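Chains as they are written, first to last, in our numbering: chain A, 3 to 322; chain B, 547 to 664.
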C-alpha cells in the first residue's frame, strides 16, 4: 500500500542530483573483496531519498563495507555506487554532502569537545551550532575531559553530535549506540526524529538493536554474507514471515511446500517460522494451528541462522 | 506501541480510539504528524501514513496551512465501524471459548446478564 506523504522542505533543492524521485543512494551490482573474503557479492539495492533506512544483518555481513563505499571512503571492485546521482569516490560534487559516522573514529590526543566544535563545522556547510549545543547538553558530553579519555558511550555521544549537527543530506551512522545507556539512546532517537522532521535527509543506520530502532525506520535492508536478503519498506518486512504453532503433525501439514526459516519443538508441539506466501489466507483459516506475526528482529535472526539464500521474490526494489 | 502489525495502522487506531473517547472532539485539531512522530517515537513518514489513512476514511480532514482536523460525524462513523466488527471481534472468540468449556447458550446468557448487573 502506498499512501502519499507530505514532506516539508527541500524537494527542488537537489535538482542537479539526478531526476526527481530518484533514490538517495543506488548500489548497482557492487562487489568488494577484502583479502580472501568477498565482503559484498553483486549487491543490488537502493535507499530512498530523504528517508531513514536501516541496514541490518549479522557481524561480517558486509554492512560496514557497504557504508564505506557509499561514503566514498572506498571503491567497489565491480559495479557502481551513486549517491544523490553521483559516484562518491574522490568526487567533490557530492562528498561534502555525505557524513559517515563510524563506530571507531579517532581524535588527536589533546582534543577536547571545544576542539571538535571548532574543527568539524568546517567540513559541513550546513552545520547547526545551536543544535550542536542542544545535543551536548542533552547527552551530557563533558567539555573538560580530553576525548582520548572518553568512555565508549561518551565517544558515541560525540559521534551522534557530529552526525546530527552536520545536517548532511546523506547521513550514515554505523552502529551509533555503542556504550550508550537506554536513556541516552532514547535521547538520540528523539533528537534524530525531531531533526529529520524539520530537515528531511537521507539517513542510513546500521544496527543490531532492531526491536528498538524499527519504529524509526522507513526502509530496511538485510545483508548476509555480502548478499541482499531483504530490501523493502518496513511494513512489508513485517509481513514477510509468520510463525505457525500447533501439534507437530498439524504444523508439518500446514507448512508443507514452504521455505522453513526456523523450527522449534517442545514435546509434541512445534513452532515453525516460514516465509509468507499467497496462500496465507488458507493457512490463517486452519483451526488446528495458530498463526502469529514475526517481528523484524525475529525475521533477521531467522535469516541469519538459516544462512538463507536470497530468492528473487525478496529482491524487490525500494517500494515507495 | 507494538503488537506486530504495521506501526502506521497502530497509530491510526490509537488516534481513532482517542476520537471515540472524546479526547479529540470533532472540528478540533489533532497534533501534527511531527508531533505524533515525536510522541510515539516513530518515523515521521510512518506517522504521516497513519494520519493519511484516517483522512482517506473521512475521519480527519486537512485545513490548508493549519493542520489536520477531526471531521464532523467522525465519532459516529468510527462507532458504526466498531459495531459492525463487534460480532467478529468479541462474540466469536467468546463463543469459541464457551464451546471449549461446555457452556451452553442458556448458561452463557445467564452469565452475561449477571456480569452486566454486577
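Glycine is no exception: its CB is placed at the ideal position from the N, C-alpha and C atoms. These numbers come from a predicted model, not from an experiment.
- Residue environment: residue 582 of chain B is assigned as buried (16 or more neighbouring CB atoms within 10 Å of its CB, all protein chains considered).
- Close to chain B, meaning a Cβ-Cβ distance shorter than 7 angstroms, are the following residues of the stretch 184-207 of chain A: 191, 192, 195, 196, 198, 199.
- For residue 158 of chain A, the uninterrupted alpha helix (DSSP H) segment begins and ends at 154-167.
- Residue 157 of chain A is not a Cβ neighbour of residue 56 of chain A, given a cutoff of 8 angstroms.
- Less than 8 angstroms divides the Cβ of residue 162 of chain A from the Cβ of residue 190 of chain A.
- Collapsing the DSSP output to three states places residue 49 of chain A in a strand.
- Rounded to whole angstroms, the Cβ separation of residue 616 of chain B and residue 572 of chain B is 5 angstroms, and the two are in contact under 8 angstroms.
- Taking the Cα of residue 285 of chain A as reference, the smallest distance to any Cα among A:108, A:258, A:265 is reached at A:258.
- DSSP, read as helix, strand or coil, puts residue 209 of chain A in coil.
- Straight-line spacing of the CA atoms in residue 212 of chain A and residue 121 of chain A works out to 33 angstroms.
- Residue 262 of chain A and residue 49 of chain A have their C-alpha atoms spaced approximately 28 angstroms apart.
- Distance from the CA of residue 589 of chain B to the CA of residue 559 of chain B, rounded to the nearest whole angstrom, comes to 17 angstroms.
- A distance below 8 angstroms separates the beta carbons of residue 239 of chain A and residue 298 of chain A.
- Using a CB distance cut-off of 8 angstroms, residue 277 of chain A does not count as an interface residue toward chain B.
- Contact between the stretch 94-114 of chain A and the stretch 59-73 of chain A is present: 3 or more CB-CB pairs across the two stretches fall below 8 angstroms.
- Under the DSSP definition of a beta bridge, residue 655 of chain B lacks any partner.
- When DSSP states are grouped into helix, strand and coil, residue 174 of chain A belongs to the strand group.
- The three-state reading of DSSP puts residue 106 of chain A in coil, since its state is none of H, G, I, E or B.
- For chain A, the residues of the stretch 586-603 of chain B that bring a beta carbon within less than 7 angstroms of one of its beta carbons are 587, 588, 589, 590, 591, 592, 594, 595, 598, 599, in chain order.
- The beta-bridge partner set that DSSP reports for residue 265 of chain A consists of A:274.
- In this structure residue 186 of chain A is in contact with residue 141 of chain A, their Cβ atoms being roughly 6 angstroms apart against a cut-off of 8 angstroms.
- By the Cβ-count criterion, residue 639 of chain B is exposed, with fewer than 16 other Cβ atoms from all chains shown falling within 10 Å of its own Cβ.
- A Cβ-Cβ separation of about 15 angstroms leaves residue 625 of chain B out of contact with residue 561 of chain B under the 8 angstroms criterion.
- Of the residues A:168, A:181, A:176, the one whose Cα lies closest to the Cα of residue 153 of chain A is A:181.
- Between residue 47 of chain A and residue 223 of chain A the beta-carbon gap is near 6 angstroms, inside 8 angstroms, which marks them as a contact.
- Taking 8 angstroms as the threshold, the shortest C-beta distance from residue 611 of chain B to chain A does not fall below it.
- By the neighbour-count definition (other C-beta atoms within 10 Å, threshold 16), residue 306 of chain A is a buried residue.
- Shown here, residue 297 of chain A sits in coil according to DSSP, grouped into three states, outside any helix or strand.
- Interface annotation, residue 54 of chain A: in contact with chain B, CB-CB separation under 8 angstroms.
- Judged by their CB atoms, residue 294 of chain A and residue 249 of chain A are not nearer to each other than the 8 angstroms cut-off.
- Buried is the label assigned to residue 134 of chain A, since at least 16 other Cβ atoms lie within 10 Å of its Cβ.
- The residue from B:587, B:610, B:614 with its alpha-carbon nearest to that of residue 598 of chain B is B:614.
- Within the stretch 281-297 of chain A, the residues whose Cβ lies closer than 9 angstroms to any Cβ of chain B are, in chain order, 294, 295, 296, 297.
- Around the beta carbon of residue 59 of chain A, 16 or more other beta carbons sit within 10 angstroms, so the residue counts as buried.
- Following the DSSP letters along the chain, one finds residue 609 of chain B inside the beta strand (DSSP E) bounded by residues 606-609.
- Taking C-beta atoms under 8 angstroms as the contact rule, residue 86 of chain A and residue 29 of chain A fail to qualify, at a distance of about 13 angstroms.
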